[in-house]
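Just so we're aligned, residue 1495 is where the sequence shown starts under the numbering used here, counting upward by one.
A virtual CB, placed ideally from N, CA and C, is assigned to each residue, including glycine.
None of these values were measured; they are calculated from a predicted model.
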Amino acid sequence: LAKGLAKIGEVWVVAPDRERTAVAHAVTLHKPLRVNQIGTRSFSVNGTPVDCVNLALLKIMTKPPQLVVSGINKGVNLGDDVMYSGTVSGAMEGAILGVPSVAISQEGQDSFRFAVGVVYAARIARLVLAKGLPEETLLNVNIPDRPRSGIKGVRVTCLSRRRFHNPIIEKVDPHGRKYYWIAGKRVSWSRNKDADHEAIEEGYVSLTPIHLDSTHYGVLDQFRSWEPMIKHGLRKSSAWRSALGSMEEPGT
1495 LAKGLAKIGE VWVVAPDRER TAVAHAVTLH KPLRVNQIGT RSFSVNGTPV DCVNLALLKI
1555 MTKPPQLVVS GINKGVNLGD DVMYSGTVSG AMEGAILGVP SVAISQEGQD SFRFAVGVVY
1615 AARIARLVLA KGLPEETLLN VNIPDRPRSG IKGVRVTCLS RRRFHNPIIE KVDPHGRKYY
1675 WIAGKRVSWS RNKDADHEAI EEGYVSLTPI HLDSTHYGVL DQFRSWEPMI KHGLRKSSAW
1735 RSALGSMEEP GT
């Protein structure tokens, strides 16, 4: 990825020193972070992707970058994955710090076609540098596991929803004590022709704009009716009484 983006401009690499799958937006607060320079403008950090972005933008780099690119992740980050992904969180931290940011993930199993991902990452990076991104918006990009000639194009998508079977696996150790793995098998996706997983399954690169503000504005007025109920308690709230009749307030 760094070599591919170097054709566009000066690249700084600040990356975790080990696998950081599913660390989400974790920040290291209770131990020191150590930075090891491994090459020209290349550094490894004993922290999370979010730690790396913070250190890069606020300490390591001599001037703010024009773009943050997080990845390439081994495996897609589709739908609900973005809530757990360190790769997506790295881009999200870049957006929080005011820098246009993109997360890149590559579909694959035992091997990954990173060369294909780099081609599309570079194209998207050029576009973002030329056109910018809306405020507080990052891009989540997923590349299907196909040769370059087999990719049908690019789709702008929304995040999908997935369902798992047996998400908690229970086992017993040699001492008879139970232990657990959070795993499970994905059994289905929500069906939506604009969803990111649909694009990947059909051989398209998925490009999903994600906004930092997760507020559900459509229900703000609905929940404002709760304000007097919370302020005055259930007995004193006429709104509550009219809605729920004679229900007693908890603890009375």
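Contact fails between the region 1638-1649 and the region 1514-1527, because fewer than three Cβ pairs, one in each stretch, are under 8 angstroms apart. The beta carbons of G1580 and R1656 sit no closer together than 7 angstroms.
The three-state reading of DSSP puts T1651 in coil, since its state is none of H, G, I, E or B. Ranking L1499, V1507, V1508 and E1601 by CA distance to the CA of H1691 puts E1601 first. For S1719, the three-state secondary structure derived from DSSP is coil. Residues of the same chain with a CB within less than 7 angstroms of the CB of I1590, apart from the 5 flanking positions on each side, are L1706 in chain order. Beta-bridge partners of Q1531 (DSSP): F1537. Rounded to whole angstroms, Y1674 and D1604 show a C-alpha spacing of 25 angstroms. If you draw a straight line from the Cα of L1627 to the Cα of A1585, it comes to about 13 angstroms.
Take D1667, set aside five residues on each side of it, and the residues of its chain with a beta-carbon closer than 8 angstroms to its own are Y1673, in chain order. Taking N1686 as the centre and dropping the five residues before and after it, the same chain places the C-beta of C1652, S1654 and E1692 closer than 8 angstroms to its C-beta, in chain order. In this model, F1658 and P1703 are separated by some 25 angstroms (Cα to Cα).
For R1657, the enclosing beta strand (DSSP E) stretches over residues R1656 to H1659.
C-alpha of G1697 to C-alpha of R1671: approximately 45 angstroms in a straight line.
I1662: member of the beta strand (DSSP E) spanning I1662 to V1666, first to last residue.
Counting only runs of at least 3 residues, the region 1544-1620 fully encloses the following beta strand (DSSP E) elements, listed from N- to C-terminal order: 1562-1568 and 1595-1600.
Going by DSSP, H1691 is part of no beta strand (DSSP E) but of the alpha helix (DSSP H) stretching over D1690 to E1695.
In the pairwise beta carbon analysis, the region 1531-1544 is classified as not touching the region 1607-1617: fewer than three pairs are separated by under 8 angstroms. Across the structure, V1622 and W1720 are spaced so that their CA atoms are roughly 42 angstroms apart. In the displayed model, S1708 falls within coil according to three-state DSSP, outside both helix and strand. In the DSSP assignment, the residues bridged to T1631 are H1705. In this structure, DSSP gives S1643 a helical state, which the three-state scheme calls helix. Counting along the chain, A1509 sits inside the beta strand (DSSP E) bounded by residues V1507 to P1510. Ranked by how close their Cα comes to the Cα of S1708, the residues D1715, M1577 and I1645 have M1577 in first place.
Within the DSSP secondary-structure output, S1684 pairs in no beta bridge. Sorting H1669, G1565 and K1557 by C-alpha distance to the C-alpha of A1619 places G1565 at the top.
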